[in-house]
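Notes follow once the structure below has been shown.
In my numbering, the protein residues as written are 300 to 827.
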């Protein structure tokens, strides 16, 4: 067997610039009834908003989202607004402007969170009211704003995002020009009633950009990436990772004559071309369904799982070698170069205790594998992301070791697991951490304290033990704090009271009757 240097599908030709095709269509005007329904909704009115969006001509988009991101037991996101995911992807890219179209309160919240997470640029906003929504003036305002922004000296692309209300009212971003003065225009709909998690919203934008880049490549030569083209076959990496992980993956691929390609979502537009130029794609985060579709349309092979722990690294290197037709001797050389170091790292960083794990980043199964190989007992893993073929190997590995893997896990699932298992440590989202600490159980926030660490290869093998063992060792401190605050109350009685709290159950009962009456009236209207 010989190394296959030829990638499948079409070749990527590089030059100083490429061409794009202009795709035009017919607008779909929002009727007053649809606009009124959209304005009366919000992310808490998923069914109503979804019906309005279909009536306004968004059925194709919603059907694709339903296929790419199947809903779970809950019909609306339980994490932050999904649009934060796509917003963050755009804000982290060089020479890319971001424009939001949605309710002012939504835009304020998204802008606040984006700057809280370190965004260093402004977020564009196109405001609207009921009149501009009904008359179609909002679309005209959006088109005017992108024309004003389209400065090729500053931007390679402008991303325009419809939030819930514009999506539900049918604002047709597909009718925006594909290019203005050499600046690409990418329009996406990211409604809370169509995208279950903000992690999957990253895929919405990444997939849209890959689709645009594919069309550019098909049209002719494109701009060469700043770092140039690798002289070795490369592997594109799908999913946001700790910065050291791509470098570690590159080191593990080198003995096989391969190189690590760009990480998607990318940091600049030209990296999209380089990613599509890779012969194999590693779906490190397995929920990037739209992105995988674009890579497969370009004829690229996709490999699931990731090089985490001893077993995961050995299997992943073998899978990459098979995808690239690498000789067995070279695969063995890569494994022999790193597996002993991983074994040593795991042996020196053992974890003793029971851990429950949940999150919405998409890397939960990978982290669970690493915890188990580090010695931890992990009976439950919950992920808000859906089941896909690219995580099947990880799920099978975990389930063979007695782990309950829950895809599309709800907050209620995660809380129930903590209560039933009573772990030494709960790793999860903010409400899971809060619930665990109220019980006196040590807890760690997955996003900031776990996923923000290296996971791949020898570096990842020893990265979790210190923080996990330190948290488990804090059990006595948690018991002391719980005893100190015992009796301060919960819910309406939270806090320290000089006398008995005035609960007024009669007011609560009266308000509940009003809510029940409104619910019966709404149900009666649906029957008519």
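For each residue, glycine too, the CB sits at the ideal point set by N, CA and C. Everything numeric in this text was worked out from a predicted model, so none of it was measured.
Grouping DSSP H, G and I as helix and E and B as strand, with all else coil, what is residue i?
i           : result
residue 682 : strand
residue 461 : strand
residue 378 : coil
residue 819 : helix
residue 740 : coil
residue 650 : coil
residue 718 : helix
residue 424 : strand
residue 494 : coil
residue 486 : strand
residue 724 : strand
residue 824 : helix
residue 481 : coil
residue 466 : helix
residue 709 : coil
residue 687 : coil
residue 669 : helix
residue 658 : strand
residue 766 : helix
residue 732 : helix
Taking the straight line between their C-alpha atoms, what separation do you get for residue i and residue j?
i           : j           : result
residue 713 : residue 747 : 18 Å
residue 610 : residue 795 : 52 Å
residue 323 : residue 496 : Because the pLDDT at residue 323 is just 43, under 50, the model does not fix this residue reliably, and the value given afterwards should be weighed accordingly. Answer to the nearest angstrom: the Cα atoms are 31 Å apart.
residue 269 : residue 720 : For residue 269 there is no data in the structure shown, the boundaries of the chain being 300 and 827.
residue 399 : residue 405 : 10 Å
residue 619 : residue 602 : 7 Å
residue 649 : residue 442 : 57 Å
residue 612 : residue 605 : 7 Å
residue 482 : residue 449 : 6 Å
residue 526 : residue 559 : 13 Å
residue 391 : residue 568 : 11 Å
residue 480 : residue 541 : 36 Å
residue 758 : residue 764 : 12 Å
residue 778 : residue 731 : 18 Å
residue 564 : residue 388 : 7 Å
residue 380 : residue 808 : 32 Å
residue 451 : residue 577 : 28 Å
residue 419 : residue 804 : 49 Å
residue 458 : residue 762 : 36 Å
residue 766 : residue 782 : 25 Å
residue 370 : residue 376 : 9 Å
residue 587 : residue 462 : 20 Å
residue 397 : residue 484 : 10 Å
residue 597 : residue 513 : 8 Å
residue 811 : residue 818 : 11 Å
residue 521 : residue 515 : 7 Å
residue 550 : residue 726 : 30 Å
residue 642 : residue 614 : 15 Å
residue 806 : residue 792 : 16 Å
residue 591 : residue 685 : 15 Å
residue 672 : residue 476 : 52 Å
residue 661 : residue 548 : 18 Å
residue 823 : residue 430 : 30 Å
residue 325 : residue 357 : Low local confidence applies: a pLDDT of 47 at residue 325 is under 50, so the model's placement there is unreliable, with the coordinate-based value given in what follows. Spanning the two alpha carbons is a distance of roughly 13 Å.
residue 694 : residue 546 : 26 Å
residue 300 : residue 625 : In this prediction, residue 300 scores a pLDDT of 41, lower than 50, which makes its location untrustworthy; no coordinate-derived value is stated.
residue 864 : residue 751 : Absent from the model: residue 864. The displayed extent of the chain is 300 to 827, so no value can be given.
What whole-angstrom Cβ distance do residue i and residue j have, given they're in contact under 8 Å?
i           : j           : result
residue 760 : residue 644 : 4 Å
residue 506 : residue 593 : 6 Å
residue 531 : residue 571 : Residue 531 to residue 571, Cβ: 20 Å. No contact.
residue 754 : residue 669 : 6 Å
residue 627 : residue 679 : Not a contact, Cβ separation roughly 38 Å.
residue 408 : residue 465 : Not quite, the Cβ-Cβ distance comes to about 16 Å (not below 8 Å), so this is no contact.
residue 352 : residue 435 : Not confirmed; about 16 Å, so no contact.
residue 423 : residue 498 : The pair is not a contact, with the Cβ atoms about 24 Å apart (cut-off 8 Å).
residue 616 : residue 630 : 6 Å
residue 438 : residue 471 : 6 Å
residue 460 : residue 489 : 5 Å
residue 585 : residue 689 : 4 Å
residue 467 : residue 365 : The pair is not a contact, with the Cβ atoms about 15 Å apart (cut-off 8 Å).
residue 503 : residue 456 : 15 Å between Cβ atoms; not a contact.
Any beta-carbon of chain B closer than 9 Å to the one on residue i?
i           : result
residue 407 : Included in the structure is just one protein chain, with no chain B present.
Within the stretch 582–611, note down every full beta strand (DSSP E) run reaching 3 residues or more, in order along the chain. 600–602
For the pair the stretch 736–745 and the stretch 699–713, tell me if three or more CB-CB distances fall below 8 Å. no
Taking contact to mean at least 3 C-beta pairs separated by less than 8 Å, is the stretch 347–358 in contact with the stretch 655–665? no
For the stretch 407–424 against the stretch 533–540, are there 3 or more C-beta pairs whose distance is under 8 Å? no
Please give me, in chain order, every unbroken run of the beta strand (DSSP E) with length at least 3 that falls completely inside the stretch 520–577. 533–537, 558–563
Using a Cβ distance threshold of 8 Å, determine whether the stretch 479–496 contacts the stretch 360–371, with at least three qualifying pairs required. yes
Which whole runs of the beta strand (DSSP E) in the stretch 387–458 are 3 residues long or more, in chain order? 395–400
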